[in-house]
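Numbering (UniProt numbering), first residue to last: 1 to 198. Where a beta carbon is used, it is the ideal one built from N, C-alpha and C, also for glycine.
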């Protein structure tokens, strides 16, 4: 949902409507807080959902424990996120670069929430569908004969499905400052199509 900020803030900054960056941020905070409530309720029932999907009981219990932080993983993630929020809040409050963009909380931030949702929901679905495709594979691996081994192997494979193409794209983008054929050679070796300009 927060991806909508990239579009709205980019437009506001380009139009030199610097105060709108803060307004859009307020809208994002409100919408994301409201959307976090049903997600938190869903996460609180993770163990029951996994058991209903016929997952290994130990894996289902472990997934439920992660949400409540008994192993420390969820707690460390929450702490790191809140440290990030605090650092950003201090920066926005005291940085000279943010004087025009953050003028404080206003009622304007509670208006036009539907416009934010119209852009935020498709952005969220795009990101979620990509993530869910990999999570679905991991969930299905939990139904195999040795679910602990298969689940861990699928999560490692998911890294290669996401990680290697991302590395290829990054290599291409980094080399793009040169010529396109040279960039393609950097990604795919010397087997680039002949129609790419040198």
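Reduced DSSP secondary structure (H/G/I, E/B, other) of residue i
i           : result
residue 26  : helix
residue 5   : helix
residue 63  : helix
residue 56  : coil
residue 51  : helix
residue 123 : helix
residue 44  : helix
residue 104 : coil
residue 93  : helix
residue 78  : helix
residue 14  : helix
residue 112 : coil
Residues near residue i by beta carbon distance below 7 Å, same chain, minus five either side
i          : result
residue 23 : 106, 108, 109
residue 47 : 60, 61, 63, 64
residue 13 : 21
For residue j and residue i, believed in contact at Cβ under 8 Å, the rounded distance
i           : j          : result
residue 28  : residue 2  : 6 Å
residue 35  : residue 5  : At roughly 14 Å, the Cβ-Cβ gap does not stay under 8 Å, so residue 35 and residue 5 are not in contact.
residue 119 : residue 33 : That pair is no contact at about 18 Å.
Straight-line Cα distance separating residue j from residue i
i           : j           : result
residue 85  : residue 49  : 31 Å
residue 31  : residue 43  : 19 Å
residue 37  : residue 72  : 22 Å
residue 146 : residue 59  : 11 Å
residue 77  : residue 67  : 11 Å
residue 130 : residue 90  : 33 Å
residue 123 : residue 133 : 16 Å
residue 45  : residue 112 : 33 Å
residue 92  : residue 127 : 27 Å
residue 117 : residue 41  : 21 Å
Report yes or no: do the stretch 10-19 and the stretch 95-105 share at least 3 C-beta pairs separated by less than 8 Å? yes
Contact between the stretch 137-147 and the stretch 46-59: three or more CB pairs below 8 Å? yes
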